[in-house]
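Asks: Read left to right, the sequence shown gives residues 1 to 347 (full-length UniProt numbering).
Quick reminder that beta carbons are idealized off the backbone N, C-alpha and C, glycines included.
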Amino acid sequence: MLTVNAVAAPSATEPLIRTTIERRDVGPNDVLIEIHYAGICHSDIHTVRGDWGPQHYPLAPGHEIAGVVTEVGSEVTRHKVGDRVGVGCMVGSCRECDSCRRGEEQYCREGNIGTYGAVDRDGTITQGGYTTHVVVAEDFVVRIPDGLSLDVAAPLLCAGITTYSPLRHWNAGTGRKVAVVGLGGLGHMAVKFAHAMGAEVTVLSQSLKKREDGLRLGADHYHATADPETFEKLAGTFDLIINTVSAGIDLNAYLGLLSVDGALVNVGAPPEPLSVNAFSLILARRTFAGSAIGGIAETQEMLDFCGEHGIGPEIEVISADQVNEAYERVLASDVRYRFVIDISTLA
Ligand SMILES: [Zn+2]
Ligand SMILES: [Zn+2]
Numbered sequence: 001m002l003t004v005n006a007v008a009a010p011s012a013t014e015p016l017i018r019t020t021i022e023r024r025d026v027g028p029n030d031v032l033i034e035i036h037y038a039g040i041c042h043s044d045i046h047t048v049r050g051d052w053g054p055q056h057y058p059l060a061p062g063h064e065i066a067g068v069v070t071e072v073g074s075e076v077t078r079h080k081v082g083d084r085v086g087v088g089c090m091v092g093s094c095r096e097c098d099s100c101r102r103g104e105e106q107y108c109r110e111g112n113i114g115t116y117g118a119v120d121r122d123g124t125i126t127q128g129g130y131t132t133h134v135v136v137a138e139d140f141v142v143r144i145p146d147g148l149s150l151d152v153a154a155p156l157l158c159a160g161i162t163t164y165s166p167l168r169h170w171n172a173g174t175g176r177k178v179a180v181v182g183l184g185g186l187g188h189m190a191v192k193f194a195h196a197m198g199a200e201v202t203v204l205s206q207s208l209k210k211r212e213d214g215l216r217l218g219a220d221h222y223h224a225t226a227d228p229e230t231f232e233k234l235a236g237t238f239d240l241i242i243n244t245v246s247a248g249i250d251l252n253a254y255l256g257l258l259s260v261d262g263a264l265v266n267v268g269a270p271p272e273p274l275s276v277n278a279f280s281l282i283l284a285r286r287t288f289a290g291s292a293i294g295g296i297a298e299t300q301e302m303l304d305f306c307g308e309h310g311i312g313p314e315i316e317v318i319s320a321d322q323v324n325e326a327y328e329r330v331l332a333s334d335v336r337y338r339f340v341i342d343i344s345t346l347a
């Protein structure tokens, strides 16, 4: 057992504190990773605060992990000491069901094992990346290409793959019109990816406040959704809309922006049910869908794509002592566009 420094929530209602947690011994198929950077995802906040159900505490969140391999188990073949690697939202799955065999471990029929706050195979509760080290089965560890620095790579492991996967699945590319709803941690990555894939990209944001950013990140057009004219002007326009907003939206208004056969894909998770008028779908054979992160193979593909295209998130690096302050700023949408914890400040 390895005792390591961590930033963790002692309960659902208290701020995160510095503490220690334990990591299992490195098994034959495990790698030990010295974490250099961990991104802060909105899900971390929801989870530690119990918004998505009761948790075991103390809980160290963090599922955007980038670091270096410092030890490998006797049977490890994919990674070696010194490799730059990442870990995202899951650290295990059944490996046998149809989803797992297809390389879509995120849709494992048994449920994938979340990187933190989940029951691991040995019955312990998983702990995330706001820690100096993590032990992970080698097949849930991905390589970070040389061209990507570790701080920039970290948010790709959740925000990156969550937007990359639906863009690929619904064929964002040359000749396709893609809209991104919301320009935050997820949205800004969706814009960069869709642009790099060759699509014509539109940002749909509440106001025009971040318009310059949106255009700089690769958007071709930028519209305010607070302006009702936007929905008239753009009716029937898009092949694909990626909705990154986790607050409720007027789904029928957004569905009306889709072309025939268009798809509106939710990657944000609003707490309340959304209401769909069947005619919003029927009259143009439209699809309303959802998408969760991506499989391990696709996560690797996404990182390689980022390496090739020189793409990464816009980040603000903080120290371990700034996590609580960062949480408040995430909740206030006051970050452009992702906080990343410099884990060397935890040592
Ligand atoms: Zn996340
Ligand atoms: Zn499975």
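Ends of the alpha helix (DSSP H) at Y327?
Replies: Element bounds for Y327: V323 to L331.
Asks: Identify whether A347 lies in helix, strand or coil by the three-state DSSP scheme.
Replies: Here A347 sits in coil by DSSP.
Asks: Please report the Cβ distance between N252 and V267, rounded to the nearest whole angstrom; I am assuming they are in contact, meaning their Cβ atoms lie under 8 angstroms.
Replies: Between V267 and N252 the Cβ distance is about 19 angstroms, and since that is not below 8 angstroms, they are no contact.
Asks: From P228, G236 and S165, pick the residue whose C-alpha is nearest to that of K177; which is it?
Replies: Ranking P228, G236 and S165 by Cα distance to K177 puts G236 first.
Asks: Nearer than 7 angstroms: is that true of the beta carbon of C94 relative to any heavy atom of ligand 2?
Replies: Yes - ligand 2 has a heavy atom lying nearer than 7 angstroms to the Cβ of C94.
Asks: If we count Cβ pairs, one from each stretch, closer than 8 angstroms, do we get three or more for the region 125–137 versus the region 31–39?
Replies: Touching, yes, given that three or more Cβ pairs across the two stretches are closer than 8 angstroms.
Asks: Report the option in V135, R49 and V181 whose CA atom is closest to the CA atom of A249.
Replies: What sits at residue 249 in the sequence shown is Ile, not Ala. Of the listed residues, the one whose Cα sits closest to I249 is V181.
Asks: Taking the Cβ atom as the reference point for each residue, do L183 and G67 lie within a distance shorter than 8 angstroms?
Replies: It is not a contact, given that the beta carbons lie outside the stated cut-off.
Asks: Which residues does DSSP pair with L264 in a beta bridge?
Replies: DSSP, once it has assigned bridges, lists I241 and F288 as partnering L264.
Asks: Is R109 close to ligand 2? I mean its beta-carbon at under 7 angstroms from any heavy atom of the ligand.
Replies: Correct: R109 has its Cβ closer than 7 angstroms to ligand 2.
Asks: Check whether the region 164–178 and the region 198–206 are in contact - that is, three or more C-beta pairs closer than 8 angstroms.
Replies: Yes, the region 164–178 touches the region 198–206.
Asks: Rounded to a whole number of angstroms, what is the C-alpha to C-alpha distance between residue 387 and S93?
Replies: The chain is shown only over 1 to 347; residue 387 falls outside these bounds and no answer can be derived.
Asks: Does DSSP put G86 in a helix, in a strand, or in coil?
Replies: It is a strand residue.
Asks: Cα separation between A219 and V72?
Replies: One C-alpha to the other measures close to 42 angstroms.
Asks: Less than 8 angstroms between the beta carbons of residue 352 and V142, yes or no?
Replies: With the chain running from 1 to 347 in the structure shown, residue 352 is simply not present.
Asks: Shorter than 7 angstroms, the distance from the beta carbon of S43 to the closest heavy atom of ligand 1, or not?
Replies: Within the cutoff, so yes.
Asks: Is the region 53–61 in contact with the region 3–15, if contact means three or more CB pairs nearer than 8 angstroms?
Replies: Enough Cβ pairs lie closer than 8 angstroms, so yes.
Asks: So, at 6 angstroms on beta carbons, what are the nonlocal neighbours of G27 in its own chain, with the 5 sequence-adjacent residues on each side left out?
Replies: Taken in chain order, the residues that qualify are G73.
Asks: Grab the span of the alpha helix (DSSP H) containing Y254 for me, first residue to last.
Replies: Residues L251 to L255.
Asks: Which residues in the same chain as Y164 place their Cβ atom closer than 6 angstroms to its Cβ, once the five residues preceding and following it in sequence are excluded?
Replies: Contacts found: F193 and M302.
Asks: One question on the structure: do Q206 and A224 come within less than 8 angstroms of each other, judged by their Cβ atoms?
Replies: It is a contact, given that the beta carbons lie within the stated cut-off.
Asks: According to DSSP, E22 sits in a beta bridge with which residue or residues?
Replies: Note: E22 sits in a beta bridge opposite T3.
Asks: With a CB to CB cut of under 6 angstroms and the five nearest residues on each side skipped, what residues in its chain are close to V323?
Replies: For V323, where only same-chain residues beyond five positions count, the Cβ hits under 6 angstroms are V7 and L16.
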